[in-house]
């Protein structure tokens, strides 16, 4: 199936119209500059395709890496910080919880922040998208920032391998000097 154009809604004198934007709009000399720029942007957005996420296992995580997609079960959750932070005229609640999550290959500590804390109930199955590895006192912690997503999904059938906790491994940063 070939791509033929993009529909754009326009309101003229209280009536809604749909206008088709296609490649000829860019080449038309009567089209103004801002409309051409908008058309080019729409054409680029329409041609971009999303790729399917690649899910990794916990035992494949390494220090300093990011962009991980994982399916894991929550083993335990413990709130470590809950306080109010002034945010202008109102007080914003800040919450941090350390959760042990795992899959069939191992476990790792996940640092849940604010709204993520409510999702981390024991035995819940979660999907982490665009997760990153943060280092805390030489050990790995998994985190999802504003560019990622945490979702609760239906219960998974795997059993968590609790004897392979990647957060218990201590790493040391070594500077190599070449001469």
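Numbering (my numbering), first residue to last: 190 to 368. Every residue gets a Cβ at the ideal spot worked out from N, C-alpha and C, and that includes glycine.
Inter-residue Cα distance where the pair is residue 261 and residue 367:
Counted from its first residue, the chain shown places residue 261 at position 72. Counted from its first residue, the chain shown places residue 367 at position 178. Cα to Cα, residue 261 sits roughly 41 Å from residue 367.
Among 358, 332, 362 and 264, whose alpha-carbon lies nearest the alpha-carbon of residue 258?
In the chain shown, the residue the question calls residue 258 occupies position 69. That would be 332, whose Cα lies nearest to the Cα of residue 258.
Same chain, Cβ closer than 8 Å to residue 306, neighbours up to 5 away in sequence not counted
As a first step, residue 306 must be located in the chain shown, where it is residue number 117. The residues are 266, 268, 284, 285 and 286.
From 308, 360 and 325, residue whose alpha carbon lies closest to that of residue 317
The sequence position of residue 317 within the chain shown is 128, counting from 1. Closest by alpha carbon: 308.
Straight-line gap, residue 296 to residue 273 (C-alpha atoms, nearest Å)
Counting from one through the chain shown, the residue named residue 296 turns up at place 107. Counting from one through the chain shown, the residue named residue 273 turns up at place 84. About 31 Å.
Ordered along the chain, which non-local residues of its own chain (more than five positions away) have a Cβ less than 8 Å from that of residue 337?
Along the chain shown, one-based indexing puts residue 337 at 148. 317, 318, 319, 320 and 321.
Short check: CB of residue 356 to CB of residue 298, under 9 Å?
Taking the chain shown and counting its residues from 1, the one referred to as residue 356 is at position 167. Taking the chain shown and counting its residues from 1, the one referred to as residue 298 is at position 109. In contact: residue 356 and residue 298 (Cβ atoms closer than 9 Å).
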